[in-house]
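Following: one structure in structure tokens, then a few remarks.
Numbering (my numbering), first residue to last: 116 to 407.
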């Protein structure tokens, strides 16, 4: 896809498992502002490969909410469900680094680090096996624009990880890297809940020989008790009738104090004053104004 004059291409990639909650709206706003302030493009991708989680009405609700808040995207909506051949082609390129694994979650017993059970068994890849990629002893390092420098040794933190699921579905780290590369994504803003996944994605990017995007992981919003606000926990959607109030509240959490005005004026001010280094370098916002 063509880039903007600046070469910047950002994206927002919600999972259509429910309506857009306030935490996702905050992420979408920050991502949109970062792209617009850079004179770049902002794309919308629906990450719908995990079909058991897909709500048939969610995509329409997400699009309607983005539109109500004037967070308009460039080009056509991209859907991961259209790209299975793309993922299988990438898997074929990774084949020399991969192995079949018959370990179920029950067998692994919730182990945080894969113990290498099937690494050297030479199992056939097929039904009832997942596919894991072998990790080496090196460190994955990157500079996050909000959270700072991050370094992780996958062999110590996770071990060999799954790139293709045992239900014959691409795993999230592979799908995201393949799609971001195909879309020409240069900058990614998303929640800190996805920060632990980033080293795996970068490991895949390096293995495929594709460009690493720039990352910025924003604080997530947590409810009472420290639980992340999410569709999974039943978070409701912000009321689209109060878009200016919703956007103002999001900007306040991101470290900005916008002046009064309607939504177009508010967003114009936010673009002109956007500075990602004002975003708090914390994992979570512990409190917020309920907007449902």
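Backbone N, C-alpha and C fix where the C-beta goes; we use that ideal spot for every residue, glycine too.
Counting along the chain, the unbroken alpha helix (DSSP H) around residue 271 starts and ends at 269-272. Excluding residues up to 5 positions away in sequence, 277, 278, 279, 280 lie with their Cβ nearer than 7 Å to the Cβ of residue 286 in the same chain.
Taking the C-beta atoms as reference points, residue 396 is found nearer than 8 Å to residue 262. In the displayed model, residue 369 falls within coil according to three-state DSSP, outside both helix and strand. According to the DSSP assignment, residue 315 belongs to the alpha helix (DSSP H) that extends over 313-323. Residue pairing for residue 310: DSSP places it in no beta bridge.
With respect to residue 137, residue 336 sits close: the two C-beta atoms are nearer than 8 Å. The shortest C-alpha to C-alpha distance from residue 131 to any of 145, 167, 147 is the one to 167. Per DSSP, the continuous alpha helix (DSSP H) segment holding residue 209 begins and ends at 199-209. Taking a contact to require three or more Cβ pairs closer than 8 Å, the region 308-319 and the region 251-259 qualify as touching.
Straight across, the Cα-Cα distance linking residue 236 with residue 169 is about 35 Å.
Fully contained in the region 244-308 are the following beta strand (DSSP E) runs of length 3 or more, in chain order: 245-248, 255-259, 263-267, 276-279, 302-306.
With a cutoff of 8 Å on beta-carbon distance, residue 221 and residue 331 are scored as not near each other. In this structure, residue 205 and residue 309 do not form a Cβ contact; the two beta carbons are roughly 20 Å apart against a cut-off of 8 Å. Sequence-distant partners of residue 228 (beyond 5 residues in either direction) whose C-beta falls short of 8 Å from its own C-beta, in its chain, are 271, 272, 273, 274. A Cβ-Cβ distance of about 7 Å is found for the pair residue 388 and residue 371, placing them in contact under the 8 Å criterion. About 6 Å separates the beta carbon of residue 145 from that of residue 333, a gap short enough to meet the 8 Å contact definition.
Residue range 378-388 is occupied by the alpha helix (DSSP H) that includes residue 384.
The shortest C-alpha to C-alpha distance from residue 240 to any of 207, 376, 264, 250 is the one to 207. Taking the C-beta atoms as reference points, residue 244 is found nearer than 8 Å to residue 216. About 19 Å separates the CB atoms of residue 173 and residue 358; that is not less than 8 Å, and the two are not in contact.
By alpha-carbon distance to residue 196, the top candidate from 385, 375, 284, 362 is 284. With a cutoff of 8 Å on beta-carbon distance, residue 293 and residue 201 are scored as near each other. Residue state for residue 124 is assigned as strand, using DSSP reduced to three classes. The shortest CA-to-CA distance from residue 366 to any of 135, 121, 142, 134 is the one to 142. Looking at the DSSP output, residue 150 bridges to nothing. In the assembly as shown, residue 191 is an exposed residue. Its beta-carbon has fewer than 16 other beta-carbons within 10 Å. Here residue 193 carries a strand assignment [DSSP, helix/strand/coil].
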